[in-house]
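Let me begin by presenting the structure, written as structure tokens, before commenting on it.
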Amino acid sequence: MATFVLVQGAWHGGWCWRRVSERLRAQGHTVFTPTLTGLGDRVHLATPDVDLDTHIADVLALVEAEELSDIVLCGHSYGGMVITGVADRIAEKISSLVFLDAFIPEDGQSLFAIQGPERENLSRGMAAEKGDGWMIPSFPSEWFCLTDPADAAWVDRRCVPQPIETFAQPVSLTGAWRNITRLSYIYALGYKNSLFGPFAERAKADPDWHYHEVPCGHDVMVDMPDELTALLIEAAG
Numbered sequence: 001m002a003t004f005v006l007v008q009g010a011w012h013g014g015w016c017w018r019r020v021s022e023r024l025r026a027q028g029h030t031v032f033t034p035t036l037t038g039l040g041d042r043v044h045l046a047t048p049d050v051d052l053d054t055h056i057a058d059v060l061a062l063v064e065a066e067e068l069s070d071i072v073l074c075g076h077s078y079g080g081m082v083i084t085g086v087a088d089r090i091a092e093k094i095s096s097l098v099f100l101d102a103f104i105p106e107d108g109q110s111l112f113a114i115q116g117p118e119r120e121n122l123s124r125g126m127a128a129e130k131g132d133g134w135m136i137p138s139f140p141s142e143w144f145c146l147t148d149p150a151d152a153a154w155v156d157r158r159c160v161p162q163p164i165e166t167f168a169q170p171v172s173l174t175g176a177w178r179n180i181t182r183l184s185y186i187y188a189l190g191y192k193n194s195l196f197g198p199f200a201e202r203a204k205a206d207p208d209w210h211y212h213e214v215p216c217g218h219d220v221m222v223d224m225p226d227e228l229t230a231l232l233i234e235a236a237g
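Take the sequence shown: its letters are residues 1 to 237, numbered as in the working numbering.
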């Protein structure tokens, strides 16, 4: 059986993996769904100082505290920034790395740098208007192209503002993460606001990557938990 660590995207929390984690555990796998500092049930820890390094440290601390190894590490959306930083530091403990409709940064890139000035200006404007200058309010669930009204309402209730430095801080990488033998990319075809096409195309064209497409919106773990569970098990090898 495999050990999975599933890392949320922006505004979400560990709660977003509920359906997938239940399915994986039912099949005997071990699953951790850490909530990153300042989000979800840890929203009370949000401060202007919370940055990308904070979130990388969250996952590294989990791995150390739980004495994990041979990990299938999956990151969704912004979580791709986090898992790249984590995997670069402890590549020897990661057996499989899965980017779920996620960013894949290069050394020295921030999420804002990848997104480009239009998205950065939008986020900074929202933070200035509604987030005391340092919190980016969550986009509504319709932005993620959820199809079920009950799911959309659930996501809207649970999402919270994102500390802006998590998007602004560049990631520091050595490139060690690229030595992980199993690399996978899962691309959500139904996400009309997607910025992930370039990452998907590179993964699709690279024989060292396992590439998959799913016909749903951005929150794949909510929209298609059965299909995602199967893909994660496949990624475990």
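For each residue, glycine too, the CB sits at the ideal point set by N, CA and C. Bear in mind that the values here come from a model prediction, so they are computed numbers and not experimental data.
Spatial distance of residue i from residue j (CA atoms)
i	j	result
residue 174	residue 88	7 Å
residue 24	residue 114	32 Å
residue 209	residue 107	20 Å
residue 172	residue 230	32 Å
residue 92	residue 68	11 Å
residue 155	residue 6	17 Å
residue 63	residue 83	12 Å
residue 22	residue 219	17 Å
residue 123	residue 117	10 Å
residue 201	residue 177	19 Å
residue 18	residue 207	32 Å
residue 227	residue 26	15 Å
residue 232	residue 225	10 Å
residue 180	residue 42	30 Å
residue 195	residue 214	16 Å
residue 121	residue 40	25 Å
residue 129	residue 237	47 Å
residue 48	residue 33	24 Å
residue 139	residue 199	22 Å
residue 66	residue 125	39 Å
residue 193	residue 3	32 Å
residue 169	residue 8	18 Å
residue 109	residue 52	11 Å
residue 119	residue 50	20 Å
residue 90	residue 35	19 Å
Residue(s) in a DSSP beta bridge with residue i
i	result
residue 296	Nothing about residue 296 can be reported from this structure: the residues present for the chain run from 1 to 237 only.
residue 4	31 and 72
residue 135	163
residue 99	75 and 185
residue 83	In DSSP, residue 83 forms no bridge with anything.
residue 94	71
Below-8 Å beta-carbon distance, residue i vs any chain C residue
i	result
residue 80	Here there is only one protein chain, and chain C is not present.
Own chain partners of residue i with C-beta closer than 8 Å, once the 5 adjacent residues on each side are dropped
i	result
residue 235	72, 74, 96, 98, 182, 184 and 210
Residues of its chain near residue i, where Cβ-Cβ distance is below 6 Å and the 5 sequence neighbours each way are ignored
i	result
residue 54	37
residue 141	152, 155 and 156
residue 244	A query on residue 244 cannot be resolved here, the shown segment of the chain reaching from 1 to 237 and no further.
residue 204	211
residue 167	111 and 112
residue 1	28 and 29
residue 94	71, 73, 87 and 180
residue 31	4, 21, 24 and 25
Close beta carbons around residue i, own chain, < 7 Å, minus the five adjacent residues each side
i	result
residue 217	144, 145, 146, 147, 188, 190, 191 and 223
residue 45	37 and 38
residue 86	56, 59, 60 and 73
residue 127	133, 134, 135, 136 and 164
residue 197	none
Cβ-heavy atom distance, residue i to the ligand SAH, below 7 Å
i	result
residue 149	Ligands are entirely absent from the displayed structure, and the ligand SAH is therefore not among its contents.
Do the region 182 to 195 and the region 94 to 108 touch if we need at least three Cβ pairs shorter than 8 Å? yes
Pairing CB atoms from the region 70 to 83 with CB atoms from the region 129 to 136, are three or more of them under 8 Å? The region 70 to 83 is not in contact with the region 129 to 136.
Can you list the beta strand (DSSP E) stretches of 3 or more residues lying completely in the region 16 to 72, in chain order? Fully enclosed beta strand (DSSP E) runs of 3 or longer: 30 to 32.
So, does the region 158 to 171 touch the region 6 to 13, judging by three or more C-beta pairs under 8 Å? yes
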